[in-house]
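In what follows, a structure is listed as structure tokens, so that the remarks can point back to it.
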Amino acid sequence: MEFINEARSLVKENIRDYGMYIALFVIMLTFSIMTDGLFMSSRNISNLLDSTGYIAVLAVGMTLVIVIRHIDLSVGFAAGFLGAISAILLTKMGLPVYVTIPVILVFGIFIGLFNGLLIAKYAIPSFVATLAGMLIFRGALLQVTEKTGTIIIKDDAFNAIGNGFIPSLMIVNGLHLLSLILGLLSILFYIYSEISTRRNKIKYQFDVVSKGIFSFKLVFVSAIIAYVTWILAGYNGFSWTVVIMLLVVVAYHFLTTKTVLGRHIYAVGSNPEAAHLSGINVKKITYLVFGSMGMLAALSGILFTSRLQSATTTAGTLFELDAIAAAYVGGVSSAGGVGKVTGAIIGAIVMASLSSGMNLLGVGVSMQYMIRGGVLVAAVLFDVMTRKKRG
Amino acid sequence: MSGYILEMNEISKSFTGVKALSNVNFKVRKGEIHCLIGENGAGKSTLMKVLSGVYPYGTYEGDIVFEGSVQQFNKISDSVQTGIVIIYQELALFPDLTVYENIFVGNEVTRGNLVDWNQTIREAKKMLKRVGLDVNPETLVKDLSVGKQQLVEIAKALSKDVKLLILDEPTAALNEDDSENLLKLLGELKKQGITSIMISHKLKEVISIADQATVLRDGKTICTLDASNGEISENTIIKNMVGRDMEDIYPKRPDKKIGETILELNHWSAYSTELGRHVLKDIDFHVKKGEIVGIAGLMGSGRTELALSVFGNPKNYKLEGQLKVSGEEKVFKHTSDAIKSGIAYVTEDRKGDGLFLIQDIKNNITAANLNEVADKGIINENEEVRRATEYKRSMYIKASSLEQTVGNLSGGNQQKVSLGKWLFVGPKLLILDEPTRGIDVGAKFEIYTIMNKLISEGMSIIMISSELGEVLGMSDRVYVMAEGRMKGELPIEEANQENIMQLATQ
Chain H
1 MEFINEARSL VKENIRDYGM YIALFVIMLT FSIMTDGLFM SSRNISNLLD
51 STGYIAVLAV GMTLVIVIRH IDLSVGFAAG FLGAISAILL TKMGLPVYVT
101 IPVILVFGIF IGLFNGLLIA KYAIPSFVAT LAGMLIFRGA LLQVTEKTGT
151 IIIKDDAFNA IGNGFIPSLM IVNGLHLLSL ILGLLSILFY IYSEISTRRN
201 KIKYQFDVVS KGIFSFKLVF VSAIIAYVTW ILAGYNGFSW TVVIMLLVVV
251 AYHFLTTKTV LGRHIYAVGS NPEAAHLSGI NVKKITYLVF GSMGMLAALS
301 GILFTSRLQS ATTTAGTLFE LDAIAAAYVG GVSSAGGVGK VTGAIIGAIV
351 MASLSSGMNL LGVGVSMQYM IRGGVLVAAV LFDVMTRKKR G
Chain W
1001 MSGYILEMNE ISKSFTGVKA LSNVNFKVRK GEIHCLIGEN GAGKSTLMKV
1051 LSGVYPYGTY EGDIVFEGSV QQFNKISDSV QTGIVIIYQE LALFPDLTVY
1101 ENIFVGNEVT RGNLVDWNQT IREAKKMLKR VGLDVNPETL VKDLSVGKQQ
1151 LVEIAKALSK DVKLLILDEP TAALNEDDSE NLLKLLGELK KQGITSIMIS
1201 HKLKEVISIA DQATVLRDGK TICTLDASNG EISENTIIKN MVGRDMEDIY
1251 PKRPDKKIGE TILELNHWSA YSTELGRHVL KDIDFHVKKG EIVGIAGLMG
1301 SGRTELALSV FGNPKNYKLE GQLKVSGEEK VFKHTSDAIK SGIAYVTEDR
1351 KGDGLFLIQD IKNNITAANL NEVADKGIIN ENEEVRRATE YKRSMYIKAS
1401 SLEQTVGNLS GGNQQKVSLG KWLFVGPKLL ILDEPTRGID VGAKFEIYTI
1451 MNKLISEGMS IIMISSELGE VLGMSDRVYV MAEGRMKGEL PIEEANQENI
1501 MQLATQ
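Now the structure itself:
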């Protein structure tokens, strides 16, 4: 009885954080039932995650941009443009992959810093500054692909980023072994870090949740990791896209929750004036967040170009709006200071699941847009309502 | 004498348990200029807000009788319709609209359903003539000086057929010429039969213009003085304004150990490009180790600007002069430089630019010095919680847990979080800007106790305050500011409410 009461009060307090996980679960369950399990098949989930990658990394960066009360509309075509540049570097200049990728990422950082300069130094509203960037990069993309049209990439290493999978070592009962091992390692790492956090808290004599709830949480999350691993191992294992996506999330999650820099970003978002008076350099934070956004736009461009194995003249169209939608579904608030990186990823997966599920069901494109729009409104509405209740 | 145009009888008004007005009686005769005087927080603005319907009928007790009939204003437009117009210190104009648009905004001259702009401009010219303002009505308001903007406000009031004009510190932001013009205009309007109420801190103005003056103190009417009996003089006004005894609300400090100079300013001036004027002019100032220096002065006298100019200059004033910390000359480029030199500034506006309201107590307390609980940029969360808990205890912050959102705390507790945040930085010099504004007596006492403890540990404090009692009760030395200048420095033994007020209202 006590267990249930504690669980209930935990859910009540954290309903905002759990909300989108529950939403994702409901969406996945609904589609599974409607497609007789086809939705949750290894192949479909693997495809779904791969097709989310380039939006998910943008959504991570966009979340931070929105947290500091700005917006970046330029990232879509910046990604398209940088993707085209990487194609040119690989095919025309003959640069190897391991040179091309860092060059493109650095290029992305510079683009982001330029946006940051306009916004932080010259106080141009971010909407306008990045709208200009959107037009400029759209033009730049057309410019570099004008003569050749679509640029086909024949570099296998590069194409593997968007299409390939990590090596399997061997196949056990039709399952991808290395993926299984990685899944197991992440479960062990998760359990270890949770237990050590708990121990530390007890050492400092802080309140912790009861043993029952704690074990339940461990088992529950481990089971989810195991299930996802099992599904992916049943197809080709973890794709490189999924690995990259996970690395980005882990890195940004750590940055935002554990570091001084992360705390400063949220401080600037909650109250820029107070942040300034607290000795936080608001301009520097703005540069940093836009710089990171630029880098992630470059990464998104690489993922997308590699997935198509070519650079096209329309690459990047509407990416920025998909990323913004994912960030909002993931719980970011335009009032600033609120929003999690993990939320952005879940938001991106929610949106991708909707597309994937509706595709399987044969829902027309027109309906798909309307339903996704409805989900976006519902997500933000949920956020507004739960916030009112708490305030 | 003619009868009363306005009688406010037995007005009482409380805010969440605190009485802001209790049984105030305020009577204004038709056709006079009546000044309303009192210290900050005495209840003048609250009384005027009751009168103008900002606080609707039913949220206060007592009667408002205007021109012989009891009024029940539910919103501001009700009082405007009756002929009562209030002009606030912060002007309510639209800077990017023209003068004529501003005069008739909300009261448009129409023909059918459309605005008749030609007629509007013609009417606007008439109004401008009445207030003696010689500008093209098509000028944008932002291109006018503050003095002229004030006249536009008055023209706007006249366009609404005003009978009773209320001006809240109209000359606070004006230079001497503009002030004189404005006072002259009030005299003109009086001849045209318009009654005025003027809230003012400048006693000389009051003496020169008032027919009657009512003094409020601590939410009560103290007296109404009549010029025709020769009752309005500087002495009588000040005596009535501050007349209370110093209550025993300030904890005694056991020992005073005053040491070397911590902060020193020489010929310190600050020019604001935003306002286009000097906010600080030629200031000499110093603070010693272990002392509390009070800065008294009226709102807008440059006290906050002085604090900000020292604290890393976040408003980007153009600074001149010399700033020394512990004898060493410094130039701070950013607030973080000032913090590194051991200066902390607790803002007067804790909700606006002090706290992160959506974040919890812990994050607020550690915000200005996270590196204290971090190793190579990575936060040790347990250490952070432990340290924040210490401050929660030593600051007497009343909250269920460290995770409570600061926006949900009471004013007093928010102020203590704000104070804790800056003590966590471990400063040598703490600048407190209105440290007890809007908080209850109990929390005030706790903050005074904390201040005394800090001083005995060797910290220095600059306390900016509009409450004279607090300045006199807590400081070792008092500076008085007015119009961006240091008007005087008084050792605490010589300082009293009268001579501070005199310096502040020069």
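If you read the sequences in order, they're chains H and W. To convert, note that position 390 of the first sequence is 390 in the numbering used here; the numbers rise steadily by one, no gaps. Take any residue in the second sequence, note its place counting from 1, add 1000, and you have its number in the numbering used here. No residue lacks a Cβ here, since even glycine has one placed at the ideal position from N, Cα and C.
Neighbour flag for residue i against chain H, beta carbons, 7 Å
i: ARG1386 of chain W; result: yes
i: PHE1424 of chain W; result: no
i: ILE1121 of chain W; result: no
i: THR1335 of chain W; result: yes
i: PRO997 of chain W; result: Because chain W in this structure spans residues 1001 to 1506, residue 997 of chain W falls outside the shown range and cannot be described.
i: GLY1420 of chain W; result: no
i: ILE1515 of chain W; result: No answer is possible for residue 1515 of chain W: it lies beyond the span of chain W, which begins at 1001 and ends at 1506.
i: ILE1464 of chain W; result: no
i: PHE943 of chain W; result: Residue 943 of chain W lies beyond the stretch modelled for chain W, which goes from 1001 to 1506, so this question has no answer here.
Alpha-carbon spacing of residue i relative to residue j, whole angstroms
i: GLY1469 of chain W; j: GLU1010 of chain W; result: 27 Å
i: ILE1005 of chain W; j: THR1214 of chain W; result: 15 Å
i: LYS1376 of chain W; j: THR259 of chain H; result: 9 Å
i: VAL250 of chain H; j: GLY343 of chain H; result: 12 Å
i: LEU1225 of chain W; j: MET1241 of chain W; result: 12 Å
i: ILE280 of chain H; j: ALA1338 of chain W; result: 12 Å
i: ALA120 of chain H; j: VAL268 of chain H; result: 13 Å
i: GLY1458 of chain W; j: SER334 of chain H; result: 44 Å
i: GLU1384 of chain W; j: GLU1498 of chain W; result: 48 Å
i: GLY337 of chain H; j: GLY212 of chain H; result: 33 Å
i: PHE1094 of chain W; j: ASN1102 of chain W; result: 7 Å
i: MET1463 of chain W; j: ARG16 of chain H; result: 42 Å
i: GLU1123 of chain W; j: LEU73 of chain H; result: 48 Å
i: ARG1303 of chain W; j: THR1046 of chain W; result: 24 Å
i: ILE181 of chain H; j: GLY234 of chain H; result: 13 Å
i: ALA1307 of chain W; j: LEU1091 of chain W; result: 25 Å
i: LEU130 of chain H; j: TYR1345 of chain W; result: Correcting the residue type first, residue 130 of chain H is Thr in the shown sequence and not Leu. Their Cα atoms are separated by approximately 36 Å.
i: TRP230 of chain H; j: LEU175 of chain H; result: 8 Å
Beta-carbon spacing of residue i, residue j below 7 Å
i: ILE1431 of chain W; j: ILE1292 of chain W; result: no
i: VAL1206 of chain W; j: LEU1263 of chain W; result: no
i: LEU105 of chain H; j: ALA298 of chain H; result: yes
i: ASN236 of chain H; j: PHE304 of chain H; result: no
i: PHE319 of chain H; j: GLY61 of chain H; result: no
i: VAL1471 of chain W; j: LEU1503 of chain W; result: no
i: MET1501 of chain W; j: ILE1086 of chain W; result: no
i: TYR48 of chain H; j: SER356 of chain H; result: It is Leu, not Tyr, that sits at residue 48 of chain H in the sequence shown. Yes, the pair counts as a contact, with Cβ atoms nearer than the cut-off.
i: TYR1396 of chain W; j: ILE1365 of chain W; result: no
Counted within 10 angstroms of its Cβ, other Cβ atoms place residue i as buried (16 or more) or exposed
i: MET170 of chain H; result: exposed
i: MET1246 of chain W; result: For MET1246 of chain W, the pLDDT reaches just 43, beneath the cut-off of 50, and the residue's location in the model is therefore unreliable, although a value from the coordinates is still provided. Under this definition MET1246 of chain W is an exposed residue.
i: GLY374 of chain H; result: exposed
i: PHE3 of chain H; result: exposed
i: GLU1032 of chain W; result: buried
i: ALA378 of chain H; result: exposed
i: VAL1331 of chain W; result: exposed
i: PHE110 of chain H; result: exposed
i: GLY1426 of chain W; result: exposed
i: GLY1290 of chain W; result: buried
Within-7 Å CB hit, residue i to chain W
i: GLU273 of chain H; result: yes
i: SER74 of chain H; result: no
i: HIS176 of chain H; result: no
i: SER179 of chain H; result: no
i: GLY337 of chain H; result: yes
i: GLY331 of chain H; result: no
i: ARG263 of chain H; result: yes
Minimum Cβ-Cβ distance from residue i to chain A less than 7 Å
i: SER168 of chain H; result: No chain A appears in the structure shown, which is made up of the protein chains H and W.
Requested in this report: Taking only beta carbons into account, state which residues of the segment 5-26 of chain H come closer than 8 Å to chain W, listed in chain order.
Outcome: none
Query raised in the report: Got a sec: which bits of the segment 1081-1113 of chain W sit with their beta carbon under 9 Å from any beta carbon on chain H, in order along the chain?
Result: none
Requested in this report: With 7 Å as the limit, tell me which residues of the segment 232-261 of chain H have their beta carbon closer than that to any beta carbon of chain W; keep them in chain order.
Outcome: LYS258, THR259, VAL260 and LEU261
Query - Residues from the segment 1367-1396 of chain W in contact with chain H, defined by Cβ distance under 7 Å - result: ALA1367, ALA1368, LEU1370, ASN1371, ALA1374, GLY1377, ILE1378, ILE1379, ASN1382, VAL1385 and ARG1386
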